[in-house]
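Report on the structure given below.
Protein chains in written order, with our numbering: chain E, 1 to 809; chain A, 1 to 809.
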């Protein structure tokens, strides 16, 4: 269908269409006129909502905001999705990629009454209409982009690229749900969208629902043509057939409604055909799920041109055409003529009530897309059945005597979670092919990686059904998980620590979505989004510098304190207690960071639970003098950093038992901040019970030091905190050399402690200087050994905590 | 070619191949054996490099690191790229997507002598070979991933996904260069790679070079099959033809060398055919650039199985097969048999010198891929011809009296840069379709957006040739720019501030690449990577909350202080001085943040240059008492925040002229940090000249407050800094309401100043309390006005700096 052969169909020039009866089509065109009118009216008008008076500048908003260009396409798809629902009673929801076209979604939600259910003053009469059009893009009103204040929204669409993955996440384990997903052709250029097309290869037609992607080619982005709009129909069809889709291209404007009716019926039929066959046991190989490509002009039905320059079908339709209408009479005239071309007086009665035939095209009740129950995730959510922690604990018979991998313990725990919730089908793990690498492989003993396409030889642990989705795309993992959570389910995203910043942008947007949701009374809490970061920087000695980066913490710390938590459990039992908490938690982003390699275990399960409850504790058993009246505090946060603290304090216990060193462990990072900003922040009295004002603190931290500095900033005498952390000093090396290079090693801690003690008490300075010399020399010896032998000295790799007199209760 | 019909060809079972003479093929197979042997030997051996003795545990490294699985594929492509070079003398470089297979690249670079040019001790004899194999994955040796320590490397490959865009960036404006780009099938699942395939639609066959992508299907990621390996040949061909490529699939193992010879010759021929036609004036429409899809088993030629489990062709070949060989005799035996299957004694002579026929397959001089001059970007780099700042300045005839858009001034400046460097063709702008939206459209008067595919009607400012590339993919912009810079050119990446975190991960990796490069003596400095962020958070009142996010600053602040700079110029002339500096700068990441909307101008060009040189100044003309002996310091950083400071101080000048308020402006964020960590950090004496120890500082900052807190952390008496910033309090609202919501407005500053003054001097408290009450009430009135009228009060939107007595020199 070459572009030149298509013609614009304006609202006042109806044409005969195929595929639908004339009377039917009249109402369809009237509905289309109504929603296009309402979308445009929201952008421009603050009064005179039905144009009963000639349009004058004082009817027009002072600030004209919104994006007209994408609205007619959203309206067209909304209308034909509604028609499909009316014909089939199918359960549809809509994920709108171009979320900046909120005016269109709002128009449809206003007409079908959804909006009035949440905002009762938005009645479908003149007074309600007046309020409705004014509220758009108005301070404290409706934003110009979709956001959680609008029902039906599980995707914001401000930062483009994530609609498609979100839609797939929503239909997982919802076998009767169809997510219609409008993908803008601008959005389609993004990487995250480009790879989300693969999602069909994961979808199981028996147990999952379906996504109907509609790639909307309206030709232009803000000012350039879109790549997809420059592709031929042959290229487009070839591309998406290659992805595995059955493709239908729609866009003959002179018979668009008939085409759309047919295309939607075909797509829905294909979906049902695949699902019914599969559910009857005839599972198709490489099912060709349908998708539509819809070509309509940008700003279709808007002004053809203004000031002699093309608007409709050009990039100039992107935002607000004729924007100068308060000062340029020609603009005012053009906009008025355009708005009147929809003939609102034919669509609304004298009381401002929408015409019956228009309303008759709206589905009812929870068949309205914005009322689809799945979009109210908080209402759909059922708590997980979680195993008692006692069942999964790592037995600890003496401090530091057991060695265990935190991630292996986590794997056993998650296996249990999967078993217990197998019937409910409401828990999934999304991972960039790192489950086994991250030592979580035990879950694959009771479930599989879900994948639907045929597999090559030697593939293991993959089946069309499974609770795990693995794909080498953090973007897909995040998008799928968001869709899954916002439709009321639970999930976990394990990832290499260094590569989770790939989804920084997505996480930023999700944090905004969460924060806004919390301000909407009818948004009930959804499950928290849980990141489990491992293969962490300190043990990426082998993969090297590119695999070392704890910066996700810093990104999360920029968010509102009540929207996130950051946990760095020091051992396996603490990790289990943490995940138990996180899988119950709601409405937060939880970041958990722990190691996958075997490490000494410090706490029994009961102790771990208590440690996690308080978020930080004095480890009296590790301290000298029982941790009382400390001269210096050694604090660890992060399991590898805690190990160095323990090894450091052991040296100090032997070399300077009189130095009263207190050992503190922090597992919940937020406790460091003040409670006014951080819900988990310790009140100042409790904070000082752990970190006395008069004792210097050597804080050995897993991440960049900036995180600690900003958290303790508001604390009195914050300069007592001397923070060690990751200093971007890495390469392919050994585990201990990573600590040495970043100056977080046990020897550095001993040297730092000696410096602090000497500074406070000159009487100790001779002893301190001896220790400093001794351990600086030890550092040099170890560096030499490592360079020579390519491995850590045995006294490091074989190090054990010596204080074994203590026994578990 | 269904998978089952292919057979593994092991090193000791040569077969007759088509397309090459027998004698030729013998050497080809011997070269292949040599590089596969060297790759495997590097992973396992620390001595006995030619297996002259039976393999014993003490010959084996204690820590076995590296990724064998991808090495045979890299070796195959390296070999056949070399053969193409030998046949055609073409200028090729190699971008290796699976950078974790560095052992393969190293093997080829060792053989062709490249490595010896930079590491003379790595001679091609027994002693050199011994050093070579030991150095791999050894502390302070060669990392297991490609990194800047290796010649020819312009892409690290640790975080997967960016090879393809980098390769396209490298060939822009290098018409005779061909970048062979190996894309792993794991990497191909990433979003950034998925959209980078579109890059051919931008490439101009007359003035740019070509990329030859080779999608390597080795079937598995870490533990799952790759998506692409589960696709049929028909699906693969359809997908990439849809993208616009001419596709050839290679992978008959029994005649692989003949196939590869033919395929490489075909691809090179197609490239030349397209280029020659275009350069003769017959520019092809939608040129079908060639690409190869290469199917070989993962870990091909490695052990078939170990412990009864398949290795070759399975995910178990990913890293180090038979890893337990120091403790498991069966592993030792399997690895020894495997290594001996390459028959190293036939490939190296008694002195450890590689055989002549093997060496004869290596190109010479700078035709070796790792010696391609374009990969030595620092050597290729020529400084830009930059316009004198005086020519581009914004005339400032009175403080705050001129209103100008910083970005419009920048647009004029960049237009000039493009004109002056038009012949050199070494400056480009990469942007996610936001050039015009960001008010930089003036550059399009002298150049165009480069795009090669045919355009739809109404497209403007696009041509096959142009200095600007716009695509709605921040990933592509970043990848192209990295490739362009690392091959010695210059560039700029303008972006909406809120969406630049999309490339957080890429920036992290680039910062690591830069830091490592600085440690390599033969890496000469490349141009800095310049981000120009605008449409910044404070003026995204209209697009709303999703478009507000200054967090990229915080991410950059996690890097080493010498690898980045962050600039927030307060007005247009300061911005011009900043960009002039940044376009001359080398080896850093520069972040520039400025507004696009008209704002009051404060500094003449001479003043701006001086202000930028020092990074921060006392604005005596704005302060009371000439800024002397301040009772309180009001500091602004960021143009919108500076505006509020100016409006706040104007109120204070009128209401409390006796309060000695000093106005400070910070344009270079690093000056706040200590010079030991930040090269631009002010020494403490100069710092205190601006921020006296005894005066509280109200710091009105553009970004999140954490940035300032971490920078001033080490400064004495840091608690005198009271930091305002973006608090994640946004929505669709008005510009001033953004300031009010985030408590950075002029009224908040007045209230804060009054509180500080009252706290320090009880004599002032009555006056201070009056002011606090007055401006709290003003705040409430303004909020009410904004909600009622949907716009800012005229006294805000029409605010002007009143002190007009001052005149420019």
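Glycine included, each C-beta is placed from N, C-alpha and C at the ideal position.
Anything in chain A within Cβ reach of residue i, meaning under 8 Å, just list it in chain order.
i, result
"residue 734 of chain E", "63, 139"
"residue 186 of chain E", "433, 472"
"residue 504 of chain E", "501, 502, 504, 505, 551, 555"
"residue 229 of chain E", "456"
"residue 313 of chain E", "457, 458"
"residue 704 of chain E", "558"
Going along chain E, which residues have a C-beta under 9 Å from residue i?
i, result
"residue 68 of chain A", "The premise fails here: residue 68 of chain A is roughly 14 Å from chain E at the closest Cβ pair, so nothing lies under 9 Å."
"residue 189 of chain A", "195, 198, 432, 433, 471, 472, 473, 476"
"residue 512 of chain A", "545, 546, 548, 549, 728, 730"
Which of helix, strand or coil does DSSP assign to residue i?
i, result
"residue 283 of chain E", "coil"
"residue 317 of chain A", "helix"
"residue 591 of chain A", "strand"
"residue 141 of chain E", "coil"
"residue 492 of chain A", "strand"
"residue 698 of chain E", "strand"
"residue 553 of chain A", "helix"
"residue 562 of chain E", "helix"
"residue 537 of chain E", "helix"
"residue 773 of chain A", "helix"
What does residue i reach in chain A if we use C-beta pairs closer than 7 Å?
i, result
"residue 437 of chain E", "222, 223"
"residue 791 of chain E", "62, 63"
"residue 560 of chain E", "728"
Give every residue of the same chain whose Cβ lies closer than 6 Å to the Cβ of residue i, excluding the five residues on either side of it in the sequence, and list them in chain order.
i, result
"residue 370 of chain A", "109, 114, 151, 152"
"residue 425 of chain A", "173"
"residue 155 of chain A", "95, 163, 166"
Report, in whole angstroms, the separation of the C-beta atoms of residue i and residue j, which I expect to be a contact under 8 Å.
i, j, result
"residue 488 of chain A", "residue 378 of chain A", "7 Å"
"residue 503 of chain E", "residue 475 of chain E", "6 Å"
"residue 182 of chain E", "residue 216 of chain E", "6 Å"
"residue 657 of chain A", "residue 624 of chain A", "6 Å"
"residue 339 of chain A", "residue 34 of chain A", "Their Cβ separation, rounded to whole angstroms, is 12 Å, which puts residue 339 of chain A and residue 34 of chain A out of contact at 8 Å."
"residue 230 of chain E", "residue 453 of chain A", "4 Å"
Which residues in chain E sit within 8 Å of residue i, going by Cβ to Cβ distance?
i, result
"residue 284 of chain A", "Near residue 284 of chain A there are no residues of chain E at all, since even the closest Cβ is about 14 Å away, more than 8 Å."
Cutting at 7 Å between CB atoms, please list the residues of its own chain near residue i, excluding the five before and the five after it.
i, result
"residue 752 of chain E", "698, 722"
"residue 513 of chain E", "148, 156"
What in chain E is Cβ-close to residue i, meaning under 7 Å?
i, result
"residue 241 of chain A", "238"
Margin query: What are the residues in the segment 195–224 of chain A lying within 7 Å of chain E by C-beta distance?
Written below: 195, 198, 201, 219, 221, 222, 223, 224
### Query
For the segment 762–787 of chain A, which residues have a beta carbon sitting closer than 7 Å to at least one beta carbon of chain E?
786, 787
Point to revise | chain E contacts made by the segment 588–620 of chain A, where a contact means CB separation under 8 Å | key: none
- Query: Going along the segment 450–461 of chain E in order, which residues come within less than 9 Å of chain A, judged by CB to CB distance?
  - Reply: 451, 453, 454, 455, 456, 457, 458, 459, 460, 461
| field | the segment 709–725 of chain E: positions lying closer than 7 Å to chain A by Cβ | value | 709, 710, 713
key: Contact residues within the segment 532–545 of chain A, judged by C-beta distance below 9 Å to chain E   = 541, 542, 543, 544, 545
**Q.** Contacting positions in the segment 514–529 of chain E - beta carbon closer than 7 Å to chain A
**A.** 515, 516
ask   = Listed in chain order, which residues of the segment 409–432 of chain A have Cβ atoms closer than 8 Å to some Cβ of chain E?
value = none
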